[in-house]
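Structure first, commentary second.
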Amino acid sequence: EELLLEESKLRSHGDYDGALRVLRKVLKIEPNRAEANNNAGAILFMQGRLADAAEYFERAVALQPHNAQAHNNLGECYRMTGHPTEAARSLERAIANGYRHEGVYYNLGRALLDTGETQAAMDQFITALRTNPTYIPVLQTLAMIARYYAGIPTPTTVADAERIKAALQAAGNPMLVIA
23 EELLLEESKL
33 RSHGDYDGAL
43 RVLRKVLKIE
53 PNRAEANNNA
63 GAILFMQGRL
73 ADAAEYFERA
83 VALQPHNAQA
93 HNNLGECYRM
103 TGHPTEAARS
113 LERAIANGYR
123 HEGVYYNLGR
133 ALLDTGETQA
143 AMDQFITALR
153 TNPTYIPVLQ
163 TLAMIARYYA
173 GIPTPTTVAD
183 AERIKAALQA
193 AGNPMLVIA
């Protein structure tokens, strides 16, 4: 526990390399410590070392299958490394295990877009927006999608654009004007 407190202090002061060294010490002593695996993965993720981060997140999930945060972290790592199907599965597990942050819905929406599941992605973006009507990443993504759809007026895209507009208005965010 003392080492984890040291790791937390180092991380809070921005010494990620130091925090990672401490976590590796913890994991030599207790390799099955899910929290330490998840934290090591998070540091590696922030450093852009995604393949290494995924290994730690996978261990954390294997050790604690109901750890919603670890599933969320693993899902975003998978998405960032070009594995959208695996990302969607992991993010769905995060939600099933109680993770209700707007970011998980947004990340799931992005993974679903990458798999070509546009309607399911839209549903996740709308859920993210209902969770936090001022969540900038989802507002930017919806605006970008609406602009794209406005340039290709087919019945499907117009219907999708109208869904976006209605969701924004329902969430109290009439920030998007669709021509």
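Once you know that position 167 of the sequence shown is 189 in the working numbering, the rest is easy, because the numbers rise by one and skip nothing. For every residue, glycine included, the Cβ atom is placed at its ideal position computed from N, Cα and C.
The three-state reading of DSSP puts E52 in coil, since its state is none of H, G, I, E or B. Excluding sequence positions up to five before and after E124, its CB lies within less than 6 angstroms of the CB of A150, T153, N154 and Y157, all in the same chain and listed in chain order. Taking A110 as reference, the option from P87, R122, L135 and Y121 with the minimal CA-CA separation is L135. A straight line joining the alpha-carbon of Y127 with that of K47 spans about 34 angstroms. The beta carbon of E98 is closer than 6 angstroms to those of N129 in its chain, skipping five residues each way along the sequence.
With fewer than 16 other beta carbons inside 10 angstroms of its own, T137 counts as exposed. Membership of T140 in the alpha helix (DSSP H) is indicated by the continuous run T140 to T153. At a Cβ-Cβ threshold of 8 angstroms, A75 and G63 count as neighbours. When the five nearest sequence neighbours on each side are left out, the beta carbons in the same chain lying within less than 8 angstroms of the beta carbon of T103 are those of L72, A73 and A76, in order along the chain. Taking a 10 Å sphere around the C-beta of H35, we find fewer than 16 other C-beta atoms and assign the residue as exposed.
If you compare the alpha carbons of L25, Q86, E80 and N95 with that of R43, the shortest gap goes to L25.
When secondary structure is reduced to three states using DSSP, Y78 falls in the helix class. Contact between A58 and L66 fails: their C-beta atoms lie close to 13 angstroms from each other, not under 8 angstroms.
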